[in-house]
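Under the working numbering, the first residue of the sequence shown is numbered 1, with each subsequent residue one higher. Here is the structure we will look at, set down as structure tokens.
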Amino acid sequence: MKRFGFGHAGRIAAILLFVAVSGISLARDRQTAFSEYAYNNENPAYAARSGPQIVIHRYVSPYLQRGSFEPFAALAETDGFKVQWLDGPITAEVLAETDVLAIVNAYSRSGQGDYRRYSTMDVPSIYSEAELDLIVSWVEKGGSLLLLADHSPFAGGTIALAGRFGAIYMTGHALRSDSISENKHVHIDFRRTPDGHGQGKLNSHPIVDGELGIGRIEHFYAFGGQAIIPPQEATNLLQIPNGFEAILTFRLTEEFYSAPRIDASGLSQGMAMTVGQGRVAIFGEAGGFTTQRIDDDEPFGLADPAADQNAEFVLSTLRWLAGYQQQK
């Protein structure tokens, strides 16, 4: 594993970066959903509220509890999906009524506290072994799981769940190697044909190939997340480009220079796979699936002009998970 070394000029630049990443941590607490965003769905998959049931597990996520994913729910409803927020534990009874289970930035549960106090190697699972068994068995029998686990500290709670499907979180942050001199050091534009200048690779899959009643998707814009090692049987939908590193810490501002780093080139920020009779999509980025703003700044996420196909990508992902069949 490599670490950065800095000369005099590098230390000055590093101070600027420290201020920037500290701002990221503080800004996280000031993020609110951008409720003015609205998507014009001209060809919904299902009639209004007649489609499959999406259950979003709000109980384990302060990120969801402050309303950050309301725009995602509203977007799903434009496609005819039914959306339910789960404010209690996952049970067999809940899953029996669920078509797509969405677990988003699950990192805090009563009595478990803040994951930033752990190292990336000893963080506890947000779900018990019995709950993990229940979720995996449900997927194998035909359920569909959407798992979003953003940059630290949001990735902590579902490391064990992702591992049950063969995915390995790098936790921490995925950053450009030259992030000291780059303002947007965490954004990645995943494209079918990357230009070689920091763009990631959007790989072929029914989600993006126009097979689900949504036109061919050319790119997905991510706003900062973690890197994941995908299992061999998964399609690496969002392939991280050369020149990115994973910094393995939940305390980026305190450990930017001391935390171990690995080359993240070719790793994943999004994957899709079948598991038994079910389907799983895992993403190391949540910001591109909703839309938020910090104070009165311009909104980011679905409402950002750079993310002009993100809504279609999100809907296509949900359709694939739900087993939607396009009418011929």
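Don't be surprised by glycine CBs; every beta carbon is placed ideally from N, CA and C. Treat the numbers as computed from the prediction; the structure is a model and nothing was measured.
DSSP state of Y63 mapped onto helix, strand, coil: helix
Going by the DSSP bridge assignment, what does K201 pair with across the sheet? R191 and Q239
Leaving out five residues on either side along the sequence, give the residues of the same chain with a beta carbon under 7 Å from the beta carbon of G288. Within the same chain, and ignoring the five residues on either side of G288 in sequence, the residues whose Cβ sits closer than 7 Å to its Cβ are F220, Y221, A222, F223, G301, A307 and N310.
I need the boundaries of the alpha helix (DSSP H) containing I159, first residue and last residue. I159 to R164 is the span of the alpha helix (DSSP H), which, as asked, contains I159.
Kindly indicate which three-state DSSP category S50 falls into: helix, strand or coil? coil
Residue burial classification, E129 (beta-carbon count within 10 angstroms, cutoff 16): exposed
Going by C-alpha to C-alpha distance, which of G67, K141 and G80 sits closest to N105? G67
Just to confirm before moving on: does the CB-CB distance between F81 and Y46 stay below 8 Å? yes
In this structure, how does DSSP classify D133 when only helix, strand and coil are distinguished? helix
Bridge-paired residues (DSSP) for F244: R176
Between the CA atoms of Y324 and D209 - distance to the nearest angstrom: 14 Å
DSSP three-state assignment for R279, whether helix, strand or coil: strand
Should A272 be labelled buried (16 or more other beta-carbon atoms within 10 Å of its own) or exposed? buried
Verify whether the separation of the beta carbon atoms of T98 and Q65 is less than 8 Å. no
Give every residue of the same chain whose Cβ lies closer than 8 Å to the Cβ of G276, excluding the five residues on either side of it in the sequence, and list them in chain order. Cβ within range, chain order: V139, E140, K141 and G142.
Tell me whether the beta-carbon of F34 lies closer than 8 Å to the beta-carbon of A303. Result yes, Cβ atoms of F34 and A303 sit closer than 8 Å.
Using the rule of at least 16 other Cβ atoms within 10 Å of the residue's Cβ for burial, across every protein chain shown, is G215 buried or exposed? exposed
Do the CB positions of G225 and Q292 come within less than 8 Å of each other? no
DSSP beta-bridge partners of F300: Q292
Could you name the residues of the same chain whose beta carbon sits closer than 7 Å to that of I168, not counting the 5 residues immediately before and after it, in chain order? I228 and I229
I'd like to know whether the C-beta atoms of L318 and A73 end up nearer to each other than 8 Å. It is not a contact, given that the beta carbons lie outside the stated cut-off.
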